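Going down the list, the sequences are from chains H and F. Straight run, no breaks: the first sequence in this note's numbering ends on number 303. Straight run, no breaks: the second sequence in this note's numbering ends on number 835. Virtual Cβ for every residue (Gly too), placed ideally from N, Cα, C. No experiment lies behind these values; they were computed from the predicted model shown.
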Amino acid sequence: MKMPAFEYACPETLAEAVALLASHDGEAKPIAGGQSLLPMMAFRVAQPTLLVDLRKLAELRGIRISSDGVRLGALVRWRDIQDDARLATAHPLLADAIKHVAHYQVRNRGTVGGSMAHADPASEMPGVAVTCDAEIAVRGKSGTRTIKAADFFLGALTTALAPDEIITEVRLPAWPANRRHGFQEFARRRGDFAMSGVALFYDLDAGGKAANAHVGVIGVGDHPKRLAAVEAVVNGQTVDEATIAKAVAAASAAVEPPDDIHASAAYRKALTGTLVERALRSAAA
Amino acid sequence: MKNTFIGTSMERREDLRFLRGKGIYVDDLAPSNLLYAVIMRSNIAHGRLKSIDASAALKIPGVHSVITAKDMPGGPPIIPMRLQPLPEFKPFEQLVIADDKVRYVGEPLAMVLAESVAIGEDALEVIALEIEDLPAVPDWRAAEKNESLLFEPAGSNRALTFEARKGDADAAFKNAPYVRREQLRTGRHFGLTLEPRGVMAEWDAASGHLTVSGAAKVPFFNRRILAKQIGLPEEAITMIENDVGGGYGARGEFYPEDFLIPFAARHVNRPVKWIEDRRENLIAMNHARESEADIEIACERDGTIIGLRGFVHTDMGAYMRTNGAVGARNIPQFMGGPYRVPHVKIDSLLWMTNKTPVGTYRGPGRYEGSFYIERLLDMVAHDLGIDRVELRRRNLITSAEQPYEIATVQPTDARDQYDSGDYEQALDRCLKEFGWNDKAKLQGKLIDGRYHGLAVCCFVEGGAAGPKESARLEINSDGTISVFMGSSAVGQGVETVFAQIAADALEVPVDRISHVHHGSTTTVSDGYGAYHSRSVVMGGSALLDAATKFQAAIKDAAAKRLGCNASEVRLGEDKVFGPGGKSLLLAELAGLTVEGAFLNKKHTYSYGTHAAHITVDAKLGQVQIVDYMVVQDVGRAINPMTLRGQIIGSLVQGLGGAMLEHLQYDEQGQFLTGTLADYLLPTAGDFPNLRCIVTEDHPSPINPLGAKGAGEGGIVAAGGVMANAVANALQSFGVQPRQLPLTPTYIWELVQAGQRQAAE
Ligand SMILES: Cc1cc2nc3c(=O)[nH]c(=O)nc-3n(C[C@H](O)[C@H](O)[C@H](O)COP(=O)(O)OP(=O)(O)OC[C@H]3O[C@@H](n4cnc5c(N)ncnc54)[C@H](O)[C@@H]3O)c2cc1C
């Protein structure tokens with residue numbers, strides 16, 4: 019489990035980093051925290067000829083909170099999110115979800131941009147991004163563009179990023195005060211990738227009814243997705259036992275998870291329903 | 076001075092070295108001119124090896140050579156059985172490198188020697204392999220069909236059937252008022268060591284001497300095998316035991332690499348080192364435990380056990396390895412555990428499959444057997460309306476029945492008896508410390524979304540395998556004393572306990588024992604190693620013998636110097652005293668050395684009880700431990716603190732096998748759990764709230780220390796306890812787990828089935 023030989027570069031500017039990626043015919047890869055890329059290289063599943071280290075690119079750092087929402091620089095680490103007390107109100111769903119990422123050591127190094135680009139189907143950040151209609155800002159040789167989270171994840175470990183593109187920022191829309199949320203996942207050991215996970219929110223209208231429901235799932239398909247059928251059940255309703263029961267049934271019906279070594283498909287389907295139930299309960303509590 | 080180091084919770088003397096990063100593991104050794112070995116392993120489970128073309132690999136700068144079976148004059152040697160070396164097993168033994176057929180994913184095919192491991196792995200990518208696929212045999216049910224044979228000349232995939240017999244089971248079953256038959260299974264898991272295996276070999280061409288570092292467990296035996304295979308006298312080989320990061324029965328057996336690396340060093344006349352990486356560790360180290368029982372229990376209406384009858388099928392993997400038969404033999408012999416079972420008739424079938432071969436893992440066969448009997452007992456209690464504790468109490472072997480004969484196993488004619496103990500006393504102590512009566516009302520209760528369950532299981536643990544162990548004492552130039560042991564250190568803390576035993580026996584302060592050397596073939600004339608919880612009993616008793624002889628030898632030597640009779644010499648801490656105020660410093664006798672031995676054919680049986688309180692989230696299928704208590708009677712505890720560490724450590728391994736660890740394959744024999752993200756080991760947060768108590772109520776009558784092997788008791792009952800606790804918690808759904816591990820999916824399926832049945 020030793021990595022194949024590769025070159026290493028640590029550019030000072032984003033433009034330089036993009037140029038390096040662009041000049042290597044897709045054989046170069048950015049490296050951020052290295053927590054996903056290096057194991058892939060040790061297994062020789064990934065064999066880039068050049069690693070472009072992003073660590074000196076100050077413009078990829080920092081959490082910016084404004085009335086527009088929360089902007090997470092690509093190099094923001096899980097630890098930074100956990101340590102930022104403002105997020106408890108600025109984006110409580112994000113704060114709750116990130117608590118479930120990996121273990122202490124990995125949280126000290128893993129980054130938002132790395133997680134988005136790696137696109138593990140069970141990772142939390144992509145789940146939050148899809149659930150919240152986030153935008154992903156990227157920079158490539160032909161300039162910058164933003165990609166909607168819904169269009170970004172194409173499959174397991176596959177995204178809409180071109181080989182020369184670097185994620186600079188993930189933008190989460192603002193979090194209104196009347197928003198209720200829940201995040202639930204279940205893994206066999208704490209910190210493992212979840213067998214299923216649910217991120218959801220809805221806005222309480224003046225009559226105490228739910229509106230604008232967003233329900234996202236991770237770990238039950240090849241990429242995170244929203245469950246429109248569940249959202250439809252919740253919208254316009256009081257979130258009571260009857261609504262929750264309907265949402266659970268809709269959630270189990272809406273997902274088609276695969277069997278794998280950790281759990282059966284049938285279990286995962288039922289688990290997703292259970293997690294929707296618990297997430298809605300905690301949202302309504 | 077009368078010492079009492081024995082029985083004292085002294086801190087481990089090895090820990091300072093480890094905590095300061097001063098441990099020396101085999102991977103820390105790097106002599107000059109070293110070559111690194113990397114092993115090409117089969118990625119096909121079953122096939123015929125057509126060709127290996129390494130020409131492209133040899134062109135890579137830094138690649139020294141590529142060795143295959145063809146490079147071995149007379150063909151690659153086989154690895155013989157160490158335990159139960161029956162002629163029936165011969166056709167199923169493993170060649171050190173595949174020659175004609177490959178039989179499991181992970182089987183060595185070629186060895187690259189290179190200037191670095193990374194270069195060696197580059198070479199692996201360009202070695203061209205041609206393997207003709209054969210139909211894989213993924214499990215014992217497929218093996219039984221004999222449609223695809225692993226070993227064509229053998230004509231069958233069944234290597235052997237062990238027959239465990241006691242009394243007349245058929246007659247007893249015929250008249251039994253109550254019989255229950257069950258199919259129960261344990262999963263495939265293994266003694267994963269945090270430090271993977273490693274071997275480094277140095278060949279001294281001038282003197283014709285081979286030095287092999289990385290030895291563990293049974294270095295003397297392995298030297299015998301290697302000497303024969305490689306064509307050297309035993310004296311021409313030195314096996315060195317370095318610090319070892321875990322053994323558990325798996326490390327230190329003779330594996331293919333234990334031949335390949337020494338062979339390579341001699342072949343190319345350079346030092347060669349191989350360190351197993353984690354992916355290799357999961358497919359190259361012995362697997363264990365996967366078995367299925369089709370078993371009947373017969374009882375009187377009052378729950379008295381009459382007999383056990385049926386079949387056990389063990390998935391042996393692709394080859395019969397050194398100690399691979401032990402588990403399959405132990406399951407039927409020890410299925411009765413601490414309970415009185417007058418009639419036993421169990422056939423244990425050993426099936427060859429296209430998986431990594433199996434070997435022993437802490438509590439071999441006893442873990443499986445305990446799961447089987449304990450599941451059956453809870454079902455019996457339910458059927459007959461008897462309290463689970465009371466049922467066990469009724470059936471525990473009493474101290475008046477000791478020594479107690481258990482079933483005999485053929486064809487090895489394995490006879491055995493438990494040595495001593497009051498099993499009910501341990502049960503009572505466990506119930507009391509655990510607070511069973513207070514907790515009993517929680518059984519099956521749903522509180523805050525979680526169902527509460529309790530279970531209690533009793534166990535025995537075997538130890539002290541003979542035939543012999545050796546110990547040697549030597550006076551150092553500064554007058555301190557060195558201890559040399561034939562036993563091996565695999566992390567159990569033997570340096571500390573042997574120092575305690577030596578200091579007591581010699582009546583000197585413990586810091587006068589300067590070193591405890593162990594595990595290398597240089598320590599004593601004839602060593603036997605560390606397995607079957609034997610180090611303290613066998614090594615410790617040998618040490619007592621050595622101490623007596625050592626004291627006599629000191630007196631003799633001192634008498635000569637002092638010009639008196641040996642009987643007139645008195646031993647002090649660092650001096651010896653003769654008559655008339657004459658004395659001699661011990662240092663003046665530096666170099667004086669004496670070896671002692673302990674011979675023993677009997678086994679010790681420590682015993683005890685596990686009790687657990689768990690909760691289950693029935694929707695997630697998630698189990699949490701609220702409290703877990705182990706009481707184990709060990710006869711005599713040399714160091715209660717390190718012993719408790721052994722019990723808790725082995726308990727966590729048992730819980731890993733019960734809840735998490737599972738080596739999985741698909742129908743083609745492809746291995747699915749090749750990383751520690753797939754093979755789930757317990758981590759620090761998984762099993763909190765574990766407690767244990769060590770008792771010394773019944774010393775073993777078969778050794779002078781009164782000690783019993785005690786490194787495996789924590790693991791034995793863990794599977795049965797967890798499954799029974801889950802059944803107890805989920806009784807409202809009629810849940811009866813019949814297999815391990817108890818994954819969330821499995822528990823959830825049982826709950827679903829229970830709900831469906833209730834609805835019908
Ligand atoms: C034991 C373990 C457990 C884990 N558990 C979880 C978990 O529960 N949940 C979870 O979400 N994650 C988990 N992870 C993954 C962890 O969060 C990773 O760190 C994260 O997915 C990737 O971030 P990174 O910064 O380490 O990326 P890297 O490993 O450096 O890179 C990953 C990929 O992203 C690319 N990349 C990195 N940055 C950028 C960028 N700015 N623009 C474009 N491409 C980029 C790289 O080229 C590479 O392809 C776990 C990891 C480990 C080792």
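Chain F has a Cβ within less than 7 Å of the Cβ of residue 292/H. Residues are counted here when their Cβ sits less than 7 Å from a Cβ of chain H; for the segment 96–121 of chain F the count is zero. For a Cβ distance threshold of 7 Å, residue set 208 of chain H lies close to residue 760/F, ordered along the chain.
Distances from the CA of residue 685/F to each of 577/F, 772/F, 608/F and 502/F were compared; the closest alpha carbon is that of 502/F. Remark: the C-beta of residue 119/H is in contact range of ligand 1, defined as less than 6 Å to any heavy atom. Annotation for residue 275/F: the continuous beta strand (DSSP E) segment containing it runs 273–279.
With respect to residue 218/H, residue 233/H sits close: the two C-beta atoms are nearer than 7 Å.
Residue 330/F counts as buried, since no fewer than 16 other beta carbons sit within 10 angstroms of its beta carbon. For the segment 259–273 of chain F, no residue has a beta-carbon sitting nearer than 9 Å to a beta-carbon of chain H.
Pairing residue 506/F with residue 378/F gives a Cβ-Cβ distance that is not under 7 Å. Nearest in C-alpha terms to residue 333/F, of all of 376/F, 274/F and 448/F, is 274/F. Note on geometry: alpha-carbon atoms of residue 260/F and residue 58/H lie some 35 Å from one another. Taking the Cα positions, residue 761/F is about 37 Å away from residue 121/F.
The C-beta distance from residue 449/F to residue 799/F rounds to 6 Å, short enough to meet the 8 Å contact threshold. In the DSSP assignment, residue 571/F is bridged to no other residue. Proximity of the segment 532–546 of chain F to the segment 731–750 of chain F falls short of the contact definition, fewer than three beta-carbon pairs being nearer than 8 Å. Between ligand 1 and the CB of residue 61/H, the shortest heavy atom gap is not smaller than 6 Å. One Cα belongs to residue 157/H, the other to residue 37/H, and the distance between them is close to 11 Å.
Closer than 7 Å to the CB of residue 820/F there is at least one CB belonging to chain H. Secondary structure of residue 639/F (DSSP, three-state): coil. Sixteen is the threshold: since fewer than 16 other Cβ atoms of the shown chains lie within 10 Å of the Cβ of residue 122/H, the residue is exposed. Proximity of residue 122/H to chain F, defined by a Cβ-Cβ separation below 7 Å, is not satisfied.
When rounded, the separation of the alpha-carbon atoms in residue 820/F and residue 314/F is 47 Å. Under the Cβ distance rule, residue 753/F counts among the residues neighbouring chain H, one pair being separated by less than 7 Å. Here residue 518/F carries a coil assignment [DSSP, helix/strand/coil]. Under the 10 Å beta carbon count, residue 95/F is surrounded by fewer than 16 other beta carbons and is classified as exposed.
Distances taken from the Cβ of residue 142/H to the heavy atoms of ligand 1 include one shorter than 6 Å.
DSSP, read as helix, strand or coil, puts residue 493/F in strand. Per the Cβ contact rule, the segment 421–437 of chain F is in contact with the segment 401–411 of chain F (3 or more Cβ pairs under 8 Å).
For residue 114/F, the three-state secondary structure derived from DSSP is strand. The beta carbon of residue 196/F sits closer than 7 Å to some beta carbon of chain H. For residue 281/H, at least one C-beta of chain F is nearer than 7 Å to its own C-beta. Judged by DSSP in its simplified three-state form, residue 427/F adopts coil rather than helix or strand. Excluding its 5 nearest sequence neighbours in each direction, residue 203/F has C-beta neighbours in its own chain below 6 Å: 128, listed in chain order.
Rounded to the nearest angstrom, the gap between the Cα atoms of residue 133/F and residue 139/F is 7 Å.
Not flagged as an interface residue toward chain F: residue 264/H, since no C-beta distance is shorter than 7 Å.
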